[in-house]
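Peer 1:
In structure tokens form, the structure reads like this:
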């Protein structure tokens, strides 16, 4: 065994608060499927105490995912389920500490960034290899980055991280320099993501199709053993892997022999399969089913996804959303705590800023997001919006009735709709398919858009809001854009923090962003599973995971 | 007979073309942008450079006029090439071919179970002397038709996989994984068949020729199975073609509930991702299956009842009405 356990860096998974809700199977099977019955609060001793125990190598783990998006190439995928599998097959230049957000060494032992964050020099460790034994050298890094830029839109995440890419220079065998035409402070964090994870140079020559089918050779602790479309992705551990990142608890080979990602589209079947031991873990349970896995031979672990939280994004080129009074009133008229308490789970949290609290450089802005219906009404009164006969406000014969276009679960917005009605705002919900929502985004045909975006770097703010980037608000440039654009060039953490905080507050004050709640990912696993956790981007990390009966199995 | 066959094959080709054309335009008229979907990688919102999106559109030929795209797709389809998946880049035909065997296994098994089970229930609902038994058994088919496939599947899973771990809840491995899905899929089809067959049996059993059989001293079993069943089978046989279509449709729900690989799952996933070439391939294949099955059913009629002849006459579009409608056989 080449594993070298270190003092675990990662603290125990966050535990859910004590609760009186343990699902018991109802007498009638059908009812059991539809209801989550409640009984006395079982409060098991911390089964995730795994972290204290000595990991053992060996054994297999099966993990349920909801969908196969027909591609598992780390440089192409964008779907959470595909990412869960793809992430394990590639190592990155850097890693990100889930707690501090700090960028740590992985394949690169050290790096330098120039003053305006437009040139990055990485010094690679000299012993790392791809799964087939070819060395990971400077030339391989160059081949990868060049290939991602060539893939273009198909590698949408990776090519977005490489916007402004001027080229990669092989300085010597273990030193590589990446240059940009413009400042790109986000790039260092980007090198820790799966999207810029490294594939062997030979894999870069494969067609997009072959790579989607898992025929690539990666650099991570696991390699693709088999991939059956719509059924399962089987990963096996890479023998001789000895360069675990500084963000992990050990550096040797992965503990698990294999990890099987089983596609189970139906939520109640995932619940039943986990309960009956046909799978070991999943991160895709229905909210009502989650409590029954808190104890009783199971454990839960959850983490808020970093990045931009679920927000209402006003399209300020549309008549109503262009009115700042309307935007700020809507933000004050939303009772975020009530949304979490009423329609979400204890694992979810109300938004306390445009960014979620697990994002590096996050600073809470609770003062700007307090529920203040009176304040909201005053703003609307002052702006000349007066209540009409049905309680909905009017101004110059126009009703204060607007529309949000979205595909996500509708419950939170249904509650927002009720809350806004009380301040005289009529929010119509337009629930569409993902495809239609993408089309609406692109054509700009919406009043309010609604989504979240996971990214463990504050630059996500700039990419969404800056008038010089995506410009989700479709507005003219103003003060906030200067702050956002400057933050892309800021290498000094203090300076960057200041710019990000100021920009976030300005976005909230002007009503360019109307945050609702933070998305979180919850792992539910059987007690035999240990060490399964999250990396900084709240993506799953199977590298430190092990199973109790592994050695004997 | 040859003329009849030729005409039917011609009709079949027309059906295939119509299915292809309608599906093509419906899919392209949906309010979505395939290029944006490809770029999103099936994930959260993408923020792709418009120039890159344009390049992607050009690469997939999505920037050409709709009719040009249609013409090219149709020409390619004639040579058996239904394009490549927008998502995985694999050929749509190969993706469908990969999923098809699993669905054929499932629907084949379900068809056999539905025919055997449906016939057994139908006969059992007219055979017993005890009236209450006949009534009780007659209530089964409407119940089976009324139960949603989704519900049946979940109940079976709950009892025979989650509580009593007899069968696996997920996957395609081995015959044992086929048991619960087959039952789930066969219930509505078998019930439909039983409903038609038992009604037809009750009618047939009142026919004079059955009286004659009784009078000649034929046994109860012989009257029911040898004399009545064969004639009563024709209306039930007519729905068989429709039933195969229904089973293919039912596979969508069944494969989803049981996490089985197959055509149904591929359809759902491809529709969600607006993977147009794959959806088109599925539609064309389903239409092909339907055309073939209905043709086979029609060719088998004369074997069931020699009075039915197949002719290719212009004024009588259905071969059945050409001579004798199945429901007139016993008139």
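Residue numbers (this note's numbering), protein chains in the order written: chain Z, 1 to 553; chain X, 1001 to 1331. For glycine and all other residues, C-beta sits at the position ideal for the given N, C-alpha and C.
Quick check: the Cα distance between residue 76 (chain Z) and residue 207 (chain Z), rounded to an integer number of angstroms?
Peer 2: Looking at the two C-alpha atoms, the distance is approximately 12 Å.
Peer 1: Cβ of residue 525 (chain Z) within 7 Å of Cβ of residue 281 (chain Z)?
Peer 2: Yes.
Peer 1: Can you find the residues in the same chain that come closer than 6 Å, C-beta to C-beta, to residue 190 (chain Z), ignoring five residues on each side of it along the sequence?
Peer 2: Answer for residue 190 (chain Z): 161 and 196, listed in chain order.
Peer 1: In this structure, does DSSP put residue 1064 (chain X) in helix, strand or coil?
Peer 2: Three-state result, residue 1064 (chain X): coil.
Peer 1: DSSP three-state call for residue 436 (chain Z): helix, strand or coil?
Peer 2: Helix, per DSSP.
Peer 1: May I have a chain-ordered list of the beta strand (DSSP E) segments no shorter than 3 residues that lie completely inside the region 98-156 of chain Z?
Peer 2: Within the region 98-156 of chain Z, the complete beta strand (DSSP E) runs of at least 3 residues are 103-105, 108-113 and 119-124.
Peer 1: Under 7 Å, do residue 449 (chain Z) and residue 310 (chain Z) count as touching if we go by C-beta distance?
Peer 2: No, the Cβ-Cβ distance between residue 449 (chain Z) and residue 310 (chain Z) is not below 7 Å.
Peer 1: Tell me which same chain residues have a C-beta within less than 8 Å of the C-beta of residue 265 (chain Z), skipping the five on either side of it?
Peer 2: Result list for residue 265 (chain Z): 66 and 67, in chain order.
Peer 1: When the Cβ atoms of the region 1204-1213 of chain X are set against those of the region 1131-1139 of chain X, are three or more pairs found closer than 8 Å?
Peer 2: No: fewer than three Cβ pairs fall under 8 Å.
Peer 1: Within its chain, find whatever has a CB closer than 6 Å to the CB of residue 416 (chain Z); leave out the 5 residues flanking it on each side and keep chain order.
Peer 2: Result list for residue 416 (chain Z): 334, in chain order.
Peer 1: Under the three-state reduction of DSSP, which class applies to residue 451 (chain Z): helix, strand or coil?
Peer 2: Strand.
Peer 1: Check residue 233 (chain Z) in the structure and name its three-state DSSP category.
Peer 2: The answer is strand: DSSP assigns residue 233 (chain Z) an E or B state.
Peer 1: DSSP three-state call for residue 494 (chain Z): helix, strand or coil?
Peer 2: Three-state result, residue 494 (chain Z): helix.
Peer 1: Which value, in whole angstroms, describes the spacing of the CA atoms of residue 166 (chain Z) and residue 340 (chain Z)?
Peer 2: Roughly 45 Å separates the two Cα atoms.
Peer 1: For residue 309 (chain Z), which residues in chain X fall below 7 Å Cβ to Cβ?
Peer 2: The contacting residues do not exist; residue 309 (chain Z) stays about 13 Å from chain X at best.
Peer 1: So who's on the other strand from residue 349 (chain Z), going by DSSP bridges?
Peer 2: Residue 349 (chain Z) pairs with Z:518.
Peer 1: Looking only at DSSP bridge pairs, what is residue 523 (chain Z) linked to?
Peer 2: According to DSSP, which records beta bridges pairwise, residue 523 (chain Z) is partnered with Z:301.
Peer 1: Helix or strand or just coil, what does DSSP make of residue 530 (chain Z)?
Peer 2: Note: residue 530 (chain Z) maps to strand in three-state DSSP.
Peer 1: On the criterion of 16 or more Cβ atoms from any shown chain inside 10 Å, does residue 1206 (chain X) qualify as buried, or is it exposed?
Peer 2: So residue 1206 (chain X) ends up on the exposed side.
Peer 1: Using a Cβ-Cβ distance cut-off of 7 Å, determine whether residue 42 (chain Z) contacts chain X.
Peer 2: Unreliable placement is indicated for residue 42 (chain Z), whose pLDDT of 33 sits below 50; the coordinate value is still reported in the next sentence. Not closer than 7 Å to any Cβ of chain X, the Cβ of residue 42 (chain Z) fails to qualify, so no.
Peer 1: Does the contact criterion of 3 or more C-beta pairs under 8 Å hold for the region 380-392 of chain Z versus the region 322-333 of chain Z?
Peer 2: Result yes; three or more Cβ-Cβ pairs closer than 8 Å.
Peer 1: Cα separation between residue 138 (chain Z) and residue 1182 (chain X)?
Peer 2: The alpha-carbon atoms of residue 138 (chain Z) and residue 1182 (chain X) are separated by roughly 55 Å.
Peer 1: Could you tell me the alpha carbon to alpha carbon distance between residue 61 (chain Z) and residue 431 (chain Z), rounded to whole angstroms?
Peer 2: Between residue 61 (chain Z) and residue 431 (chain Z), the C-alpha separation is close to 37 Å.
Peer 1: Counting only Cβ pairs nearer than 8 Å, list the residues of chain X close to residue 262 (chain Z).
Peer 2: Residues of chain X passing the Cβ test: 1170, 1171 and 1259.
Peer 1: Using a beta-carbon distance below 7 Å, is residue 1031 (chain X) in contact with chain Z?
Peer 2: Taking Cβ atoms only, chain Z reaches closer than 7 Å to residue 1031 (chain X), which makes this a yes.
Peer 1: Measuring only between beta-carbons, confirm whether residue 1248 (chain X) sits less than 7 Å from chain Z.
Peer 2: Not an interface residue.
Peer 1: Does the beta-carbon of residue 518 (chain Z) have 16 or more other beta-carbons within 10 angstroms, so that it is buried, or is it exposed?
Peer 2: Flag for residue 518 (chain Z) reads buried.
Peer 1: Using Cβ-Cβ distances below 9 Å, what residues of the region 209-228 of chain Z are close to chain X?
Peer 2: Cβ contacts with chain X come from 209, 210, 211, 212, 213 and 228.
Peer 1: Can you list the residues of chain X that residue 272 (chain Z) reaches, using a CB-CB cut of under 8 Å?
Peer 2: Residues of chain X passing the Cβ test: 1157, 1158, 1161, 1162 and 1169.
Peer 1: Measure the alpha-carbon distance for residue 428 (chain Z) versus residue 344 (chain Z) and round it to whole angstroms.
Peer 2: Approximately 21 Å between the Cα atoms of the pair.
Peer 1: Report the option in Z:82, Z:245, Z:275 and Z:250 whose CA atom is closest to the CA atom of residue 1157 (chain X).
Peer 2: It is Z:275.
Peer 1: For residue 1150 (chain X), collect the residues of the same chain with a Cβ closer than 8 Å to its Cβ; drop the 5 residues on either side in sequence, then sort them by chain order.
Peer 2: Correct list, in chain order: 1253 and 1257.
Peer 1: Based on Cα-Cα distance, which residue from X:1235, X:1130 and X:1189 lies nearest to residue 1112 (chain X)?
Peer 2: Per the Cα distances, X:1189.
Peer 1: Cα-Cα, which of X:1066, X:1065, X:1033 and X:1064 is closest to residue 1050 (chain X)?
Peer 2: Selected option, being the one with the closest Cα: X:1033.
Peer 1: Quick check on DSSP: helix, strand or coil for residue 67 (chain Z)?
Peer 2: Residue 67 (chain Z): coil per DSSP, three-state reduction.
Peer 1: On the DSSP letters alone, give me the boundaries of the alpha helix (DSSP H) that residue 314 (chain Z) sits inside.
Peer 2: Premise fails: residue 314 (chain Z) lies in the beta strand (DSSP E), 307-314, not in any alpha helix (DSSP H).
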